[in-house]
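Novice:
Protein chains: 2
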Amino acid sequence: MSKSNNVYKDAFNRGLRLLDETRSLPSEPELGTLLGVSRTTVRSILSRMEETGLIAWNKRSKTVLRAPKPEDFFPEEETDSLAEIIERSFMRRLLAGGAEAGMQINELELAREIGVGTTSVREFLIRFSRFGLIEKRRNSHWVLKGFTRAFALELTEIREMFELRSAAAFAALPEDSAVWADLDRLEIEHRQLASAIATRFNEFSELDERFHRLIHRASHNRFIVDFYDVIAMIFHYHYQWNKAQERERNEVAVQEHLAYIAALKSRDPAKVDAACRKHLKSARQTLLSSIPEGRQVQPA
Amino acid sequence: MSKSNNVYKDAFNRGLRLLDETRSLPSEPELGTLLGVSRTTVRSILSRMEETGLIAWNKRSKTVLRAPKPEDFFPEEETDSLAEIIERSFMRRLLAGGAEAGMQINELELAREIGVGTTSVREFLIRFSRFGLIEKRRNSHWVLKGFTRAFALELTEIREMFELRSAAAFAALPEDSAVWADLDRLEIEHRQLASAIATRFNEFSELDERFHRLIHRASHNRFIVDFYDVIAMIFHYHYQWNKAQERERNEVAVQEHLAYIAALKSRDPAKVDAACRKHLKSARQTLLSSIPEGRQVQPA
DNA sequence: ATAATGTCTTTTATCGTGAAAAAACATTTT
DNA sequence: AAAATGTTTTTTCACGATAAAAGACATTAT
């Protein structure tokens, strides 16, 4: 096996959803843009749609013949990229306990366990190293630094520095900047979520990320923007295993965001600073509370 | 060619220098620690030393027979790791002009041009991406973002944030911390360099890096410490091509460092802040002045 | 003439492989 | 018994090869 065709499979699945909406599909280049793949992949998708009787395809005409059935879709797990598979697998091991700080990471073993080649694992580890959880020993193995309290504190320290600065930059943006419209839209989404928090609380983390990324982008600094990847990754996995008081936590956070948004709209630096600090403080609290003092994290 | 033996060659060369100092070499594990390699490599080195008549080796006894001659050493260029070779080659192209922002980077072409495998180039690019100069398009090529004025400004913004904080943390360190002795030692080195600046000005950049790393380490934050890698890399290459007023620049910088050191030793936060700001300001000036393309990218 | 389709070429993603280097284990020496 | 040496196994590093995917070029349709 040299390369999985997950790009094709994922795009195919997304392409199927388009069939519900139209009688005939647009041109190949247009479909490529729509699905975010090249024409080569678009054509593979169209070929299969034709073979399975979903469309009649003749040059420019791509007529929809029937609605897609569940069995037309490729299984979800086949649409993931190798990098995603490795990351998930690695994080599961990391959080599943037994992953103590100082432990060494074996590329070959990881590769065998996950069932992929060593190259992919190596590349993953290199990419992952920027999160500060692992470290390479020259000419030798990787060392796990562990998801410790120290890590969480170091992470939040930077986060707070960056976000306070970004928030200040945001508030100083001119009236006609497009971000204000983005902020308005996010505010509406927050209000909608707040009013249905009892049932939709689990939708918060996605909204949270979009909100903070918008603010960070105002810094116009690639290092700040990129650092949010680290935060997002940590919070993503953190939320997966720490479900304690999820509803309550998210309810509080939504309200904090709304106050934060109001402060930004006031464009008063002092108010922005205060609202930002308040939210960041509780975010840090949430993260820290899930890490037992001076010890390795154990999942529930 | 599967893997170059540069680790062996480099360690061998370093091992040769030990022969001048002693009548006989220590034990294998000891040599391993000394040279930073495994016993396997130590034994290869000893074998060659024996073959070339440098030592007589019989179990524990490793008697030096003669002093190493220039031809005993492996050529310098064979002691570099592939990663170093690729980085140098890549940076040369980047700085040698013709490398405009937006240009796409071709892994295969780079690999062919440098004469290495694609895997090594890929891994290099992934590692290099954290410097913020290149960016990956999913399932496609890398894009060069360019060493622009905007880049320099974003870099220095973070640097200033981090260093001010680190310097403050440094000054707040207890009297009995080992860093004060390190600082004293660096101060002496600075004074020595200052008194012979006319001839030794080119030694400054190495001293500069050690000094700033010491300060950053006081932050006790891995993200801050790691970020210095980005700064060090940029300054390293920057100095290689911008030799204008090098002596004058370094002379000023040494004096600024001495003032900065004095401020740290005073442990007065205000003085530290002022000295740090002053030095960072001129460092930024130096970097910016060397970026010709004054393409109207204005600081915020 | 423009924009689509059809065809061909290039590049990326991933694997298995083999040598270098590390690490583990066994044996000998002090 | 501890520490060294000798031997074997394992892991890392780097390569070429190959299918997937992107991209470029040629041709055809509006």
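Chains A and B supply the protein sequences, listed in that same order.
Read in our numbering, the first sequence has 1330 at position 156, and its numbers run on one by one without any break.
Read in our numbering, the second sequence has 1187 at position 13, and its numbers run on one by one without any break.
The C-beta atom is built at its ideal place from N, Cα and C for all residues, glycine as well.
Looking at chain A, is there any beta carbon in it that lies within less than 7 Å of the beta carbon of residue 1300 of chain B?
Specialist: yes
Novice: Say whether the stretch 1225-1241 of chain B touches the stretch 1276-1296 of chain B, bearing in mind that this needs 3 or more beta-carbon pairs closer than 8 Å, one atom from each stretch.
Specialist: no
Novice: In chain order, what residues of the same chain have a beta carbon less than 7 Å from the beta carbon of residue 1212 of chain A, not counting five sequence neighbours either side?
Specialist: Around residue 1212 of chain A: 1206.
Novice: If you measure between the beta carbons of residue 1185 of chain B and residue 1209 of chain B, is that distance less than 7 Å?
Specialist: Less than 7 Å divides the Cβ of residue 1185 of chain B from the Cβ of residue 1209 of chain B.
Novice: Kindly list, in the order they appear in chain B, the residues whose Cβ is closer than 8 Å to that of residue 1313 of chain A.
Specialist: 1181, 1211
Novice: Does chain A have any CB closer than 7 Å to the CB of residue 1331 of chain B?
Specialist: yes
Novice: Determine the contact status of residue 1278 of chain A and residue 1317 of chain A, defining contact as a CB-CB distance below 7 Å.
Specialist: Yes, the pair counts as a contact, with Cβ atoms nearer than the cut-off.
Novice: Using the C-alpha atoms, what's the distance from residue 1225 of chain B back to residue 1410 of chain A?
Specialist: 58 Å
Novice: If contacts are defined as beta-carbon pairs under 8 Å, then residue 1382 of chain A and residue 1427 of chain A qualify, I think. What distance do you get, rounded to the angstrom?
Specialist: 7 Å
Novice: Which residues of chain A have a Cβ atom closer than 9 Å to the Cβ of residue 1297 of chain B, listed in chain order?
Specialist: The answer, in chain order, is 1293, 1296, 1297, 1300.
Novice: In chain A, what lies closer than 8 Å to residue 1306 of chain B by C-beta?
Specialist: The answer, in chain order, is 1396, 1397, 1400.
Novice: With a threshold of 16 other CB atoms inside 10 Å of the CB of residue 1345 of chain B, please say whether the residue is buried or exposed.
Specialist: buried
Novice: Just to confirm my understanding: we take residue 1284 of chain A, look at its own chain, exclude 5 residues before and 5 after, and list those with CB closer than 6 Å. What are they?
Specialist: 1295
Novice: Leaving out five residues on either side along the sequence, give the residues of the same chain with a beta carbon under 6 Å from the beta carbon of residue 1437 of chain A.
Specialist: 1445, 1446, 1449
Novice: For residue 1328 of chain A, which residues in chain B fall below 7 Å Cβ to Cβ?
Specialist: 1395, 1396, 1397
Novice: Please list, in chain order, all residues of the same chain as residue 1252 of chain A whose beta carbon is under 7 Å from its beta carbon, the five residues on each side excluded.
Specialist: Answer for residue 1252 of chain A: 1180, 1183, listed in chain order.
Novice: In chain B, which residues lie less than 7 Å from residue 1335 of chain A when you measure between Cβ atoms?
Specialist: 1335
Novice: Excluding the 5 residues preceding and the 5 following residue 1378 of chain B in the sequence, name in chain order all residues of the same chain whose CB lies nearer than 7 Å to its CB.
Specialist: 1367, 1424, 1427, 1428
Novice: Taking the C-alpha atoms as reference points, what is the distance between residue 1202 of chain A and residue 1303 of chain B?
Specialist: 33 Å
Novice: Within this structure, are the beta carbons of residue 1440 of chain B and residue 1393 of chain B separated by less than 7 Å?
Specialist: It is not a contact, given that the beta carbons lie outside the stated cut-off.
Novice: Please return the same chain residues whose Cβ sits closer than 8 Å to the Cβ of residue 1343 of chain A, not counting the five positions on each side in sequence.
Specialist: 1392, 1393, 1394
Novice: Might you give, ordered along the chain, the residues of its own chain that have their beta carbon closer than 7 Å to the beta carbon of residue 1311 of chain A, omitting 5 neighbours on each side?
Specialist: Here residue 1311 of chain A has 1317 as same chain residues with Cβ atoms under 7 Å from its own Cβ, once five neighbours each way along the sequence are excluded.
Novice: Within its chain, find whatever has a CB closer than 6 Å to the CB of residue 1421 of chain A; leave out the 5 residues flanking it on each side and keep chain order.
Specialist: 1375
Novice: Checking the sheet assignment: what are the DSSP bridge partners for residue 1309 of chain A?
Specialist: A:1317
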